[in-house]
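For the sequence shown, full-length UniProt numbering begins at 1 and goes up steadily by one. We put the CB at the ideal spot given by N, CA and C, even for glycine.
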Amino acid sequence: MKSIPKVRTTTAVGDKKHQGRSSNISRRLETTWYIEAFCLTCSAVCAVLIVALLAAHNHHRTDSWHYYISINTVASALGTVFKSTLLMAVSAALAQGKWTWFRKRSGTLSTFESINAGSHDTVESFRLLWRMKGQHLVSAGALVVALGFIVEPFLQAVISDYGRLVDIDPSNTGGPSATISSSRRFDGGTQCISTYKTRYPKIDTTPDFAISASLYDGLNAAGSHGYQNVSFTCIFGNCTWPEYVSIAVRSTCFDISNHLKRTDPENTGQTKTTTPGKPSRATMWTDWTLEHLDLTLTNTNEQWRNANTFAVLQAAVVADANLTINFKDSQTLLAAFTIIRADDGHTPGSVDWDAAAASATECGLELVLNVYNSSVVNNTLFEQVVASVSKKLPESWLPSSSVNQTMYHPYGLKADPGTNDSNPIHHDTFLLRDDYALDPAGLKRGDVGSFNITQKTLLSTVDFLTSLIKQDNDNATVKAVQDNQTTLYTYGSPILQPLFDQTNTTATFDAVAKSMSNAIRNLGTEPVSGTAKQWVRFYQVRWAFLTLPLSLITSKS
């Protein structure tokens with residue numbers, strides 16, 4: 001087509017007389033393809049610039065574009081020049097096509113007008129395509145003009161974006177941006193030793209407030225499911241940490257109902273008595289006993305029965321592993337809670353209730369080393385314990401060799417088990433001792449360092465746990481009082497209320513262990529550093545949308 005001289009379609013210019021070089025240049029531009037070639041070159045250059053711009057920023061952060069105008073604006077501007085110059089060249093070529101068409105064949109004037117109109121108007125270009133049925137190069141030009149109007153929407157669709165979490169360099173945040181509490185040394189509470197010349201020393205302890213509060217928080221969480229998370233810092237709301245080891249507390253519960261011994265005193269009759277306004281009650285009373293603790297849920301107290309008062313729960317707590325059934329081999333037992341619960345499927349005092357079986361549960365709280373897998377997603381902490389071990393380091397918890405301890409035991413080292421003079425952790429003597437250390441070898445994590453608990457912390461925590469329930473009937477008992485078919489309950493100790501209300505004892509002590517573990521970790525002074533992640537947007541070039549614009553310029557070329 002370019003070998004054919006350009007036909008002048010306007011006579012106004014030809015009628016003018018031009019003088020000098022300017023008129024020669026003007027005449028040459030009108031009769032040659034220089035302007036169209038320049039437009040086509042501009043269109044090709046814009047296409048190359050668009051591709052280069054998009055390729056340079058594909059999968060780059062959106063905030064890496066620092067210019068006042070956006071990348072979309074630049075692409076749109078290049079696209080406008082691309083479209084305008086392309087259509088200018090195509091329109092001129094299409095207009096020339098009508099002369100080429102009639103140079104080789106005869107035709108109607110309507111065909112001439114159709115080609116001329118199709119070179120200037122999008123709608124007319126569609127009509128021209130329909131008229132030509134894809135014949136002749138005129139159809140290619142008409143197709144370019146027809147599709148030229150959708151170039152800009154396609155260019156707008158080329159640039160998209162996506163988001164993903166990106167690791168943040170701590171040096172860019174001015175300090176640690178992802179930390180979580182972990183405990184390698186559990187140190188809290190107080191221990192006061194009073195010495196006497198004629199007796200064993202007296203030890204008074206006070207637990208760390210965070211530990212005592214965590215137990216009640218765990219009991220409350222068992223009912224409300226509102227756990228207090230371990231402390232963490234995650235400034236961008238999304239963080240991860242490598243697996244790490246921390247001192248924690250583990251709860252394990254066992255059903256020991258098969259150890260219950262039932263006693264029906266022979267001196268009670270088999271008759272039933274009824275008090276006006278009160279429920280029927282049988283005189284065949286029943287006791288349930290755990291002999292290893294001498295713990296009895298008793299309803300043989302005639303004074304209680306006459307007052308329509310019945311024992312529905314009996315509890316005990318011990319720190320001596322030898323006084324347990326399932327924790328005799330435990331090296332890290334803090335305390336074991338034993339609960340005898342009467343069947344709650346019948347009305348207290350009824351014949352069926354007297355005959356119903358009781359149940360017993362033993363739950364132990366032990367010191368452990370937990371391996372945690374922690375992450376924060378959208379400011380919510382998710383944790384999983386992937387490994388756990390509870391074993392004392394053999395060379396730890398030995399009497400301190402640097403202290404003269406004869407003053408503590410002028411008449412020997414023996415103390416009475418179960419008294420304030422007795423060390424409740426595996427020993428019935430009191431001596432100043434080195435730290436109690438947990439052995440991490442069973443975790444098989446290589447050298448993870450040492451994990452110690454101080455003597456004052458251990459003794460004060462155990463003293464606190466064992467003081468929650470005193471070993472006497474009233475203090476360790478939940479009683480049901482029947483009055484006009486309404487049951488009221490009294491609790492010998494505050495801790496008995498949640499233990500009685502929460503029928504899933506295992507879940508209750510799991511909540512306590514989790515709460516105490518979080519408190520221990522929060523007391524730690526060596527938080528674990530992790531990786532902060534920030535949600536970042538990236539440019540994404542959808543190259544498929546460039547197919548149409550590039551095909552247009554290719555077809556024109």
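Counted within 10 angstroms of its Cβ, other Cβ atoms place residue i as buried (16 or more) or exposed
i           : result
Ile203      : buried
Glu291      : exposed
His57       : buried
Thr361      : buried
Thr283      : For Thr283, the predicted model reports a pLDDT of 45, less than 50, meaning its position is unreliable; a value from the coordinates is still stated below. Per the 10 Å Cβ criterion, exposed.
Trp363      : The question names Trp, but residue 363 in the sequence shown is Cys. Answer is buried; the Cβ neighbour count reaches 16.
Ala75       : buried
Pro242      : exposed
Leu465      : buried
Glu383      : buried
residue 601 : Any answer about residue 601 is impossible in this case: the structure gives the chain only from 1 up to 557.
Asp208      : buried
Ser214      : buried
Asn172      : exposed
Asp255      : exposed
residue 622 : Because the chain spans 1 through 557 in this model, residue 622 falls outside it and cannot be assessed.
Asp438      : One point to set straight first is that residue 438 is Leu, not Asp, in the sequence displayed. Buried, by the Cβ-count rule.
Val386      : exposed
Arg341      : buried
Val368      : buried
Gly492      : buried
Gly269      : Any reading at Gly269 needs caution, since the residue's pLDDT is 45, under 50, leaving its predicted position unreliable; the model's value is listed next. Exposed, since its Cβ has fewer than 16 Cβ neighbours within 10 Å.
Lys83       : buried
Ala221      : buried
Cys39       : buried
Test: residue i CB closer than 8 Å to a CB of chain D
i      : result
Ala213 : This model lacks chain D altogether; it includes just one protein chain.
Close Cβ partners of residue i (< 7 Å) along its chain, the five nearest in sequence each way excluded
i      : result
Leu434 : Sequence check: residue 434 is Asp here, not Leu. Closer than 7 Å at the Cβ level, and outside the excluded window around Asp434, lie Ser396, Trp397, Leu398 and Ser400.
Gly449 : Arg184
Thr206 : Gly189, Thr190 and Ser460
Thr62  : Asp161, Arg537, Phe538 and Tyr539
Val403 : Leu432
Cβ shell of residue i (< 8 Å), same chain only, five flanking positions each side left out
i           : result
Phe545      : Phe154, Leu155, Ala157 and Val158
His60       : Phe538 and Tyr539
residue 565 : With the chain covering only 1 through 557, there is no way to say anything about residue 565.
residue 558 : Because the chain in this structure spans residues 1 to 557, residue 558 falls outside the shown range and cannot be described.
Same chain, Cβ closer than 6 Å to residue i, neighbours up to 5 away in sequence not counted
i      : result
Ser231 : Ser181 and Asn522
Gly218 : Ala511, Val512 and Ser515
Ile520 : Ser183, Phe186 and Ile247
Ile495 : Leu468
Asn72  : Ile159
Leu488 : Val481
Ser359 : Ser257 and Arg341
Thr240 : Ser375, Gly530 and Thr531
Pro410 : At Pro410, the pLDDT of 48 sits below 50, so the modelled position is not reliable; the number obtained from the coordinates is stated separately. Taken in chain order, the list of residues that qualify is empty.
Ile453 : Phe186 and Tyr436
Thr289 : Lys261 and Thr296
Cys234 : Ala178 and Val376
8 Å contact criterion, which residue i and residue j should meet: CB distance rounded
i           : j      : result
Ile211      : Gly188 : 6 Å
Leu365      : Leu393 : That belief does not hold up - the Cβ atoms of Leu365 and Leu393 are roughly 20 Å apart, past 8 Å.
Glu36       : Thr80  : With 8 Å as the limit, Glu36 and Thr80 do not qualify as a contact, their Cβ atoms being about 19 Å apart.
Val166      : Gln534 : 6 Å
Leu78       : Leu49  : 5 Å
residue 562 : Ala47  : Beyond the ends of the chain as shown, which are 1 and 557, falls residue 562; an answer cannot be given.
Beta-carbon proximity check, residue i vs residue j, cutoff 8 Å
i      : j      : result
Gly446 : Lys391 : no
Ser160 : Pro170 : no
Thr41  : Gly530 : no
Asp343 : Ala357 : yes
Thr286 : Arg262 : yes
Thr324 : Leu295 : no
Asn504 : Asn229 : no
Gly223 : Gln497 : no
Ser388 : Asn373 : no
Pro440 : Val245 : yes
Thr508 : Leu499 : yes
Heavy atom of the ligand ZN within 7 Å of residue i beta-carbon
i      : result
Asn326 : This structure lacks the ligand ZN, and indeed carries no ligand of any kind.
Checklist entry - Between the stretch 508–521 and the stretch 241–253, do three or more beta carbon pairs fall short of 8 Å? => result yes
Checklist entry - Should the stretch 470–482 be called in touch with the stretch 310–317, which here means at least 3 C-beta pairs below 8 Å? => result yes
Checklist entry - Given 8 Å as the limit, is there contact between the stretch 372–386 and the stretch 456–463, that is, 3 or more CB pairs closer than that? => result no
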